[in-house]
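To keep things clear, I will list the structure first and then write my remarks on it.
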Amino acid sequence: MRVIIAKGSGFCFGVKRALAIVEEALGEERGPFYTLGPLIHNPQVVDRLSRRGLKVIDNLKGIKAGTLIIRSHGLPTATIEIAKKRGLKIVDATCPYVKRAQERARELEAKGYQLVIVGDRGHPEVESMASEKSIVLQRPSQVEKMESYSRIGVVAQTTQSLENFKEIVKRLRSKTKELKVHATICSAVSRQQRSTRELAKKVDLMLIIGGRNSANTKRLAQISKEFTETYHIERPFEIDLRWLKNREIVGISGGASTPEWLIDEVREKVKSYGN
């Protein structure tokens, strides 16, 4: 049995940067330490950080002191201002690609465009970009239900598939006289999607590793399923050995928030079955 790992699997630049910022803060800043929602969408990494003192909270209620670390997905500006008024120290671990998308979204609204965000409704990154007037589109079919506007500006959740983004933009042209588009999809995520797609075409089975709350990992699984039998797992013990029976080539791909050690554990489990 051959085991092939898709190129670019595992931590992206933004996740590596966020973890480095947190490590530095935990060593130098005064606690307690909080993140509004998990720093990244990987429960194993979040659990490790929690043991070092980083507490995940759902809201700022009752929080009056300490350090708030802004997660890699970013936070709405209003939430950050509330934290500052409460006297919390702010450490910003927002991914630079996400920050760029936030800036483009605010620029478009400031210039009078109807903002459209191509992304997953309710995802923290999308919420960090959205305003009360913005429109979130997940699928091309949703464009048909939209009103028309004289000017529309478009940004993308950084982990969106390029194909989905392009199709939505194409359909939006019928809804406006002026369309301004910022393709804010992360280049590393796009490369990982391409490598996963190409690998899925060549193997008998794909294992996609990453948090079940990770949008980019779920998207990798969706892409892979178009070409071969695919399973989305978080840990090696989830592998059903019956999946591996009579397989000659097994492909593995990890999401942008999946640590390398976890990918290695899955590879070793699959190889041990083959041996």
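Per the numbering used here, residue 321 is the first one in the sequence shown, and the count goes up by one each step. Quick reminder that beta carbons are idealized off the backbone N, C-alpha and C, glycines included. Model, not experiment: these values are computed from the prediction.
Item, Value
"Which residue marks the beginning of the alpha helix (DSSP H) containing residue 326, and which one marks its end?", "Careful: residue 326 lies outside any alpha helix (DSSP H) and carries neither H nor E."
"Where do the N-terminal and C-terminal ends of the alpha helix (DSSP H) with residue 497 fall, by residue?", "Unbroken run through residue 497 is the beta strand (DSSP E), 496-501; no alpha helix (DSSP H)."
"Kindly give me the distance between the Cβ atoms of residue 428 and residue 521, rounded to whole angstroms, as I take these residues to be in contact under 8 Å.", "The pair is not a contact, with the Cβ atoms about 37 Å apart (cut-off 8 Å)."
"By DSSP, does residue 547 sit in helix, in strand, or in coil?", "coil"
"Among the candidates 550, 449 and 489, whose CA atom is the shortest distance from the CA of residue 420?", "449"
"Which residues in the same chain have their Cβ closer than 6 Å to the Cβ of residue 322, if we skip the five residues on either side of it in sequence?", "569"
"Measuring alpha carbon to alpha carbon, tell me which residue in 397, 363, 422 and 345 is nearest residue 386.", "345"
"Using the three-state DSSP reduction, which class does residue 355 fall into: helix, strand or coil?", "strand"
"Extract the residue ranges of the alpha helix (DSSP H) inside the segment 439-489, only unbroken runs of 4 or more that lie entirely within it.", "444-449"
"What are the boundary residues of the alpha helix (DSSP H) that includes residue 523?", "Neither: residue 523 is in no alpha helix (DSSP H) and is coded neither H nor E."
"Identify every residue that forms a DSSP beta bridge with residue 370.", "Paired residue(s): none; residue 370 is not in a bridge."
"Which partner residues of residue 573 appear in the DSSP bridge assignment?", "528"
"Taking the continuous alpha helix (DSSP H) assigned at residue 339, which residues delimit it?", "333-348"
"For residue 327, which option in 526, 516 and 352 has the closest C-alpha, if you only look at C-alpha atoms?", "516"
"Exposed or buried, which one is residue 536 when buried takes at least 16 other CB atoms within 10 Å?", "buried"
"Is it the case that the Cβ atoms of residue 299 and residue 471 are separated by a distance below 9 Å?", "With the chain running from 321 to 595 in the structure shown, residue 299 is simply not present."
"Does the separation of the CB atoms of residue 582 and residue 574 fall below 9 Å?", "yes"
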